[in-house]
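Asker:
Protein chains: 4
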Amino acid sequence: MSALWDPIFGRSAVASATDDRAWIRSLCQAEAALSVACEAAGLIDHTTANSIVDACTQLGNSEPAWLGAQGAADGNPVNPLVRALRAAAGPQAAASVHLGATSQDILDTASMLVSRAAIEVILRQFEACVRVCVRLAADHRDSVMTGRTLLQQAVPTTFGAVAAGWGEGLGRSAARLRALSGHLCVQLGGAAGTLAGWYPHGAEVRAAFAAELGLADPAAVWHSERSRVAELAAALGIAAASVGKVATDIVLLAQGEIGEVAESAAGTSSAMAHKHNPIAAVTARAGALQAPGLVSTVLIAAASAELQRGAGPWHAEWQPLIELLVVTGGAVERLHVSLDGLQVDRAAMASTLATLINAPVGSAADTGHARDLVDAFCKEYGR
Amino acid sequence: MSALWDPIFGRSAVASATDDRAWIRSLCQAEAALSVACEAAGLIDHTTANSIVDACTQLGNSEPAWLGAQGAADGNPVNPLVRALRAAAGPQAAASVHLGATSQDILDTASMLVSRAAIEVILRQFEACVRVCVRLAADHRDSVMTGRTLLQQAVPTTFGAVAAGWGEGLGRSAARLRALSGHLCVQLGGAAGTLAGWYPHGAEVRAAFAAELGLADPAAVWHSERSRVAELAAALGIAAASVGKVATDIVLLAQGEIGEVAESAAGTSSAMAHKHNPIAAVTARAGALQAPGLVSTVLIAAASAELQRGAGPWHAEWQPLIELLVVTGGAVERLHVSLDGLQVDRAAMASTLATLINAPVGSAADTGHARDLVDAFCKEYGR
Amino acid sequence: MSALWDPIFGRSAVASATDDRAWIRSLCQAEAALSVACEAAGLIDHTTANSIVDACTQLGNSEPAWLGAQGAADGNPVNPLVRALRAAAGPQAAASVHLGATSQDILDTASMLVSRAAIEVILRQFEACVRVCVRLAADHRDSVMTGRTLLQQAVPTTFGAVAAGWGEGLGRSAARLRALSGHLCVQLGGAAGTLAGWYPHGAEVRAAFAAELGLADPAAVWHSERSRVAELAAALGIAAASVGKVATDIVLLAQGEIGEVAESAAGTSSAMAHKHNPIAAVTARAGALQAPGLVSTVLIAAASAELQRGAGPWHAEWQPLIELLVVTGGAVERLHVSLDGLQVDRAAMASTLATLINAPVGSAADTGHARDLVDAFCKEYGR
Amino acid sequence: MSALWDPIFGRSAVASATDDRAWIRSLCQAEAALSVACEAAGLIDHTTANSIVDACTQLGNSEPAWLGAQGAADGNPVNPLVRALRAAAGPQAAASVHLGATSQDILDTASMLVSRAAIEVILRQFEACVRVCVRLAADHRDSVMTGRTLLQQAVPTTFGAVAAGWGEGLGRSAARLRALSGHLCVQLGGAAGTLAGWYPHGAEVRAAFAAELGLADPAAVWHSERSRVAELAAALGIAAASVGKVATDIVLLAQGEIGEVAESAAGTSSAMAHKHNPIAAVTARAGALQAPGLVSTVLIAAASAELQRGAGPWHAEWQPLIELLVVTGGAVERLHVSLDGLQVDRAAMASTLATLINAPVGSAADTGHARDLVDAFCKEYGR
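Residue numbers (the numbering used here), protein chains in the order written: chain A, 1 to 383; chain B, 384 to 766; chain C, 767 to 1149; chain D, 1150 to 1532.
#1: Enumerate in chain order the residues of its own chain whose CB-to-CB distance from G382 (chain A) is below 8 angstroms, with the five nearest sequence positions on each side excluded.
#2: Quick one: what's got a C-beta closer than 6 angstroms to A1164 (chain D)'s C-beta in the same chain, skipping five residues either side?
#3: With P1240 (chain D) as the anchor, note down where its beta strand (DSSP E) starts and where it stops.
#4: A191 (chain A) to V221 (chain A), Cα distance in whole Å?
#5: Helix, strand or coil for N433 (chain B), going by three-state DSSP, please let me know.
#6: Could you round the C-beta distance between E614 (chain B) and I322 (chain A) to whole angstroms and report it? I think they count as a contact, below 8 angstroms.
#7: Restricting to runs no shorter than 3 residues, where is the beta strand (DSSP E) found entirely within the segment 512 to 588 of chain B?
#8: Just grab the DSSP bridge partners of Q1109 (chain C) for me.
#9: Please name the residue, chosen from D:R1434, D:R1290, D:R1458, D:L1153, that lies closest to V1523 (chain D) on a Cα-to-Cα basis.
#10: Using a Cβ cut-off of 9 angstroms, pull out every chain A residue sitting near P539 (chain B), in sequence order please.
#11: Bridge partners of R692 (chain B), per DSSP?
#12: For A599 (chain B), which beta-bridge partners are listed by DSSP?
#13: When we look at the beta-carbon of T875 (chain C) and count the other beta-carbons within 10 Å, is it buried (16 or more) or exposed?
#14: Which residue's Cα is closest to the Cα of V1473 (chain D): D:A1496, D:V1447, D:N1426, D:T1432?
#15: Counting only beta-carbon atoms, is A719 (chain B) nearer than 9 angstroms to chain D?
#16: Please report the straight-line C-alpha distance between F209 (chain A) and G552 (chain B), rounded to a whole angstrom.
#17: Leaving out five residues before and five after V1103 (chain C) in sequence, what residues of the same chain have Cβ atoms less than 6 angstroms from its Cβ?
#18: Mind pulling the chain A residues with CB within less than 9 angstroms of V1410 (chain D)?
#19: By Cβ distance, which residues of its chain are closer than 6 angstroms to D402 (chain B), with the 5 residues on each side in sequence left out?
#20: Residues of chain A with CB closer than 9 angstroms to the CB of L1299 (chain D), please, in chain order.
#21: Counting pairs of beta carbons, one from the segment 667 to 684 of chain B and one from the segment 295 to 311 of chain A, are three or more of them closer than 8 angstroms?
#22: Compute the Euclidean distance between the alpha carbons of I641 (chain B) and T1121 (chain C), then round it to the nearest angstrom.
#23: Compute the beta-carbon to beta-carbon distance between I1255 (chain D) and L387 (chain B), rounded to the nearest angstrom, for a pair I have assumed lies under 8 angstroms.
#24: List the endpoints of the continuous alpha helix (DSSP H) containing F377 (chain A).
#25: Flag this pair as yes or no: are the beta carbons of R1170 (chain D) and P1213 (chain D) separated by less than 9 angstroms?
#26: Taking the Cβ atom as the reference point for each residue, do S862 (chain C) and T823 (chain C) lie within a distance shorter than 9 angstroms?
#27: Going along the chain, which residues of its own chain have a beta-carbon closer than 8 angstroms to the beta-carbon of A920 (chain C), five neighbours each way excluded?
#28: Using a Cβ-Cβ cut-off of 9 angstroms, state whether P675 (chain B) counts as contacting chain A.
#29: Closest Cβ-Cβ distance between D372 (chain A) and chain B: below 9 angstroms?
#30: Less than 9 angstroms between the beta carbons of L113 (chain A) and L253 (chain A), yes or no?
#31: Whole-angstrom Cβ separation of L1364 (chain D) and L1333 (chain D), contact assumed at under 8 angstroms?
#32: How about H1332 (chain D): is its C-beta nearer than 9 angstroms to some C-beta of chain C?
#33: Between B:S687, B:G454, B:R499, which lies nearest to L563 (chain B) when the distance is taken from Cα to Cα?
#34: Shortest alpha-carbon distance to L177 (chain A) belongs to which of A:Y199, A:E120, A:L151?
Right, dumping it as structure tokens:
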């Protein structure tokens, strides 16, 4: 969280969804759900489970600084949290806190809870962007403009087709994230991933744990098989790229010499009053460009996870995953600002085309299936 | 292709599937399929189509050096190929070569053909690895060993559960690549992505083009919406990571001080005769570590694709995609060598456990659900 | 800044040096120095300069949230800062605030101020690590141990030579950062990088600006020639790698089966009381693994900077540079904790060597020049 | 090497300098130099050294395929090379081949020889680019044009200042690579990095080895302290970025709507005869965008090097380093093609400025110190 940078990069909402308080809440939610699951499997009694749930509720709303301070010696925040929950739950319930679990069970599960919440924030923006693209595509179904390849004028297209292409990329990103979000799993394996601590009720506890949190049951232990995290990182990276593509186009079309689009709330310059910077698109691009390096870090961590729990690679994954959620969420938020107020200059489009292509666009064939591309897109994403 | 390095990194087969000859063959296959599709839509006649197909067959088997040499001025090999095909097809058919298409249509489609062939090579190795994991998991269902977390001895698991975990990661990678391979699409949009050159038969031509090549019809133009390429890169990157994880474990378990596994064809040392290097796993790791950086490049390219065709980002994607296919294919080939001859020392496992955990493993509960994890894995992937 | 994660990854001190408050302070420091430099060049009078400096001091200590909130519309915090400084400096001085400058001048210069301060924090830790390595190397000049290559036992070395090798890598990182820190430059170019706003006193103003801040005068404008930032990122990435190498070695030598080193304040496990996790080294590794992806982002931004100021690439560079400072600083802090209390088990070293190499180490030649390597290292870095 | 792709990306010359034959030559050169160094230290006699040098000369010119084929079992080409050299050197000299060395000594040293040769190729292109920039800067010292920030027209600059800025970035890259090339070191440590095999003449042998090859003597063993390789990768990555920046500017200024520059040998389109693609700059950008991901791989490898020799990280470094040399060399070759024939349209520059800035540029002050920037650059790099 940064009060200075987050607003500039549209990160405020998604930063809240992934901040320290969100993590402590999610960690406590996971511990609470575990006790409920253990009760369901008959491993602890109702009173004990209740005491633990109460302790989790109480600590879940606490300031996170104590957890960080105490977690340094352990290398993760779960150990001190468990100690605090044991104290808060009282002597009778203490031994049943964190029953059978290892810190990775709780941290990975909390990570999925945090990711799910952040993805909801992100998806709202993607979906809003797609809606704007539907509007732009429909409004500009007949706005003929110059197609540009390798940044050279090529042959005609329509702004409707361009907007449909933008919306399709963004819509695919949203669908990919939506599908993936529905498959986010709990982690539950115990110290060496054998679910020994709940034997012979391991599968039952895991299923109940998943049900309690509304996450999927992986039917496996993924302490050091990190493809689920890598898939999430990749989906975020691709989503960020789809934002970057659109933002790049906006910045290019908004160049003074082209002037076919403009942001309505364009940025000012500290030195030049006449400037009309497409700041929302610029900052969206900036976010998008930060995702690929973060994806590579998560993949390296996945490739390096040692034996039953990584000695560094696992820990190396936490921050880049948070950052990926944040940069992707910020980028799409800024893109939405850009798109939502986008001013499209049909006359400029027509005029560039007339002057430069020097080929009057008269017959339907000149823009080929541009209108069909718009119609297909609007049909798929409209309403 | 490197006669020196490819064999060392297990890349020979996959390098063949992606080499210059594979590309020229695929480029010509795409041009041939386009003429067949145009004939199906009634845009060119049968004789013309036949002449083009013949020219494609002829040039598809030529040495690629001329294409590279002539392509430099154009920035891609399609332009000189089209010129050569026009010459080869004869004056009557010349104008119908490459009808309606842009070079990106052909290059992207060829890229998908090359990728599909390479993925087949890669998948065979992944599936072979999974089969070995099934055998290892079944054979070692009861081989109790030390679980190690943060590279410290933790509590017992079984080697069967470890092998099942390996196989599950590799099996997920195979399934992901298999699914994706079935969805690889043709590209067909024409100069500005409006399919103007085939109007009003664009959709029909694209469908026939896809059918002829056995690729999917995207029902869209993805000249500068590169999520399909990014998805492919990500799936390869995750697959490489799943190889890296297993190779890392083998290298660690093969340490002299642990000695729980050994490669049967271990490498020698130029300086030390007594060494028994797990070379196949070492070189598999080396391949796996190269994938994440390549994935990031493909994502950056996707995020930067300008307007109707990228002015650099598109071109920046070709080599990293080839490299990703090659490093992933090489890594999994080397992993298969490692796994296939893996010698598992059950006695060493038992002895480490006895000495260090100092906790006799007697009851079923000690290894929890390790056997269940093996059974579930073998049931899913067995046979 | 994260109260939860920063302490766990040793990032607290370096996070403070790069946090929102550090930035607002540095931005104001840059604006103040500019007014001093303009006064020196005779462009503004003393009273005016004083009013501006006072306004900068006042706002430099303010909460940063307002800057972020107002900066969103501009895409950077400098524009709202300039507006606030003009209000605070009073009507007479207002027009002289930010005289001739563009927001990038101030932001880049502030970035260098923040980097310099953070590098000081980082360097203290590197230098402390090198001192520990000198001690370890000297203490263990004769501690013969097994050399391990490809993670297989090879031939003898000494722990002194190992520690000297560690220290040399860390020392080189420190020297590289120290040298680079001494060359960090101001940025001063004005709206299009021609220094038009101070003409004909541009060079004079820039020199005075640099002198006032204790930064170097680049004798050039680097608005979109980002090699200076790339060099900084690279030096941090290499420094992080040198930390990662040492931390990896510690984690490996601390494996239960090897047990040649141990951390004195080893981490506990939430599930296993007997574990002795080398948590400081584990979290140092985690930090080190995060740097390469961030370096790649800064390089991509440098490769993409458009014309006189990047439309996204410049903005994409800010966060990764901060993150690089933070992860590198965190990693080396954790490594220092690990190294400083490192328990070296000479007997275990001797015993592994005796058993496994099966070659009594008697003559000096067996460890070759290991002692010479120690002596050379201690001579270079000691005292 | 790719006969298809290398010419398109300007990689032919640098690919030759780093291809299989260059490697086998360099590996043999290193083995030959070692025998000369051992003779100098009195470890082997003159006749023996001569036999080895002869064997190295003979094998150094052989086809590399046998090395790759035989190296697979060893995980590197040095072991089979040593076996072949022993056979070729004859029974008397056989035991003195590779005396005291480990395969990494030879491979790392060969890597530096290959890098040095490739850097020479690369530097020639950088220097040629700088010369063109000097010419452009001088020729266009007074060509006033629109400065563009965030891709919006800002205030005036000159094309001379722009070209000077390009040349400065490229010149810094050349200087950085030149300096680094002069410090490329031999590797010589023996099996565990203690130089035991040459004791007590280790330092003497290493110095003679370095002198024989014209490389620097590191006075250290860097088997697993990979900062030297990381520095090289970083310098190449920064050099590639400096190319990317200029290529990006050219592509942008060559847009049809701006038309202030054009490539003289612009690319054609397979679909559009009127197009005038700045293909050299486009393919230069493509190369530049591939470097950052490769740098991140080398850094990850450096961060992960285990104990006395990495079990994967070392091997993971070879290909990315070759690729970095190749993509950087290719990018700068293409940039040179672009720059060398760059057509600068002074009238278009003036006209854009007049129309859009709507501010007649009359006085010297309007372009500030643009001319001074040109003069300073030409003075530094001219001649």
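In this text, a Cβ means the ideal position worked out from N, Cα and C, and glycines have one as well.
These numbers were taken from a predicted model, which means no experiment stands behind them.
Answerer: If we stick to the structure as given:
#1: The residue labelled residue 382 (chain A) in the question sits at position 382 within the first sequence. Take G382 (chain A), set aside five residues on each side of it, and the residues of its chain with a beta-carbon closer than 8 angstroms to its own are V134, A138, in chain order.
#2: On the fourth sequence, residue 1164 (chain D) is found 15 positions in, with the first residue counted as 1. The answer, listed in chain order, is M1150, D1155, V1475.
#3: Within the fourth sequence, numbered from 1, the residue matching residue 1240 (chain D) stands at position 91. Per DSSP, P1240 (chain D) is not a residue of any beta strand (DSSP E); the alpha helix (DSSP H) it occupies stretches across 1240 to 1243.
#4: Sequence index remark: in the first sequence, residue 191 (chain A) carries index 191 (1-based). Sequence index remark: in the first sequence, residue 221 (chain A) carries index 221 (1-based). Near 11 angstroms, if we compare the C-alpha coordinates of V221 (chain A) and A191 (chain A).
#5: In the second sequence, residue 433 (chain B) corresponds to position 50, counting from 1. Here DSSP, grouped into helix, strand and coil, assigns N433 (chain B) to helix.
#6: Locating residue 614 (chain B) in the second sequence gives position 231, counting from the first residue. Locating residue 322 (chain A) in the first sequence gives position 322, counting from the first residue. 23 angstroms between Cβ atoms; not a contact.
#7: 527 to 532, 535 to 541, all fully within the segment 512 to 588 of chain B.
#8: Position 343 of the third sequence holds residue 1109 (chain C). Paired residue(s): C:A1028.
#9: Numbered from 1 along the fourth sequence, position 374 holds the residue referred to as residue 1523 (chain D). Of the candidates D:R1434, D:R1290, D:R1458, D:L1153, the one whose C-alpha sits nearest the C-alpha of V1523 (chain D) is D:R1290.
#10: The count along the second sequence starts at 1 and reaches residue 539 (chain B) at position 156. Here the neighbours are A192, T194, A196.
#11: Here residue 692 (chain B) refers to the residue found at position 309 of the second sequence. Paired residue(s): A:T149.
#12: As a position in the second sequence, residue 599 (chain B) is number 216, starting the count at 1. Beta-bridge partners assigned by DSSP to A599 (chain B): B:C568.
#13: Start at 1 with the first residue of the third sequence, and residue 875 (chain C) comes out as number 109. So T875 (chain C) ends up on the buried side.
#14: The residue you call residue 1473 (chain D) lines up with position 324 of the fourth sequence. Correcting the residue type first, residue 1473 (chain D) is Leu in the shown sequence and not Val. With distances taken between Cα atoms, L1473 (chain D) lies closest to D:V1447.
#15: Counted from its first residue, the second sequence places residue 719 (chain B) at position 336. In the sequence as presented, Ala is not what sits at residue 719 (chain B); that position holds His. Closer than 9 angstroms: no.
#16: For this step, residue 209 (chain A) is matched to residue 209 along the first sequence. For this step, residue 552 (chain B) is matched to residue 169 along the second sequence. So the alpha carbons of these two residues sit roughly 23 angstroms apart.
#17: Taking the first residue of the third sequence as 1, we reach residue 1103 (chain C) at position 337. In chain order, A1046 place their CB closer than 6 angstroms to the CB of V1103 (chain C), counting only its own chain and leaving out the 5 sequence neighbours on each side.
#18: Within the fourth sequence, numbered from 1, the residue matching residue 1410 (chain D) stands at position 261. V1410 (chain D) does not reach chain A, its nearest Cβ partner there being about 12 angstroms away, counting only Cβ pairs nearer than 9 angstroms.
#19: Taking the first residue of the second sequence as position 1, residue 402 (chain B) is located at position 19. Within its own chain, the residues whose Cβ lies closer than 6 angstroms to the Cβ of D402 (chain B), once the five positions on either side in sequence are excluded, are M384, listed in chain order.
#20: Residue 1299 (chain D) sits at position 150 when you count from the first residue of the fourth sequence. What L1299 (chain D) touches in chain A: V251, G267, S269, K275, N277, P278, I279, V282.
#21: The answer is yes - the segment 295 to 311 of chain A touches the segment 667 to 684 of chain B, with three or more Cβ pairs under 8 angstroms.
#22: Looking up residue 641 (chain B) in the second sequence gives position 258. Looking up residue 1121 (chain C) in the third sequence gives position 355. The straight-line gap separating the alpha-carbon atoms of I641 (chain B) and T1121 (chain C) is approximately 13 angstroms.
#23: One-based indexing of the fourth sequence puts residue 1255 (chain D) at position 106. One-based indexing of the second sequence puts residue 387 (chain B) at position 4. Not quite, the Cβ-Cβ distance comes to about 14 angstroms (not below 8 angstroms), so this is no contact.
#24: For the purposes of this step, residue 377 (chain A) is taken as residue 377 along the first sequence, with counting starting at 1. Under the DSSP assignment, F377 (chain A) falls in the alpha helix (DSSP H) whose first and last residues are 370 to 381.
#25: As a first step, residue 1170 (chain D) must be located in the fourth sequence, where it is residue number 21. As a first step, residue 1213 (chain D) must be located in the fourth sequence, where it is residue number 64. Note that the C-beta distance between R1170 (chain D) and P1213 (chain D) is below 9 angstroms.
#26: Translated into the one-based positions of the third sequence, residue 862 (chain C) becomes position 96. Translated into the one-based positions of the third sequence, residue 823 (chain C) becomes position 57. Here S862 (chain C) is not near T823 (chain C), since their CB atoms are 9 angstroms or more apart.
#27: As a first step, residue 920 (chain C) is located in the third sequence; it is residue number 154 there, counting from the start. Around A920 (chain C): T912, G913, R914.
#28: Translated into the one-based positions of the second sequence, residue 675 (chain B) becomes position 292. So, interface residue.
#29: Position 372 of the first sequence, counting from 1, holds the residue named residue 372 (chain A). Chain B contact via Cβ: present.
#30: The residue you call residue 113 (chain A) lines up with position 113 of the first sequence. The residue you call residue 253 (chain A) lines up with position 253 of the first sequence. For L113 (chain A) and L253 (chain A), no; Cβs fall outside 9 angstroms.
#31: Counting from 1 along the fourth sequence, the entry for residue 1364 (chain D) is found at position 215. Counting from 1 along the fourth sequence, the entry for residue 1333 (chain D) is found at position 184. Indeed, because the Cβ distance is near 6 angstroms, the residues count as touching under 8 angstroms.
#32: The residue labelled residue 1332 (chain D) in the question sits at position 183 within the fourth sequence. So no, H1332 (chain D) is outside the interface.
#33: Taking the second sequence and counting its residues from 1, the one referred to as residue 563 (chain B) is at position 180. Out of B:S687, B:G454, B:R499, the CA that lies nearest to the CA of L563 (chain B) is found in B:R499.
#34: Within the first sequence, the letter at position 177 stands for residue 177 (chain A). The candidate whose alpha carbon is nearest that of L177 (chain A) is A:E120.
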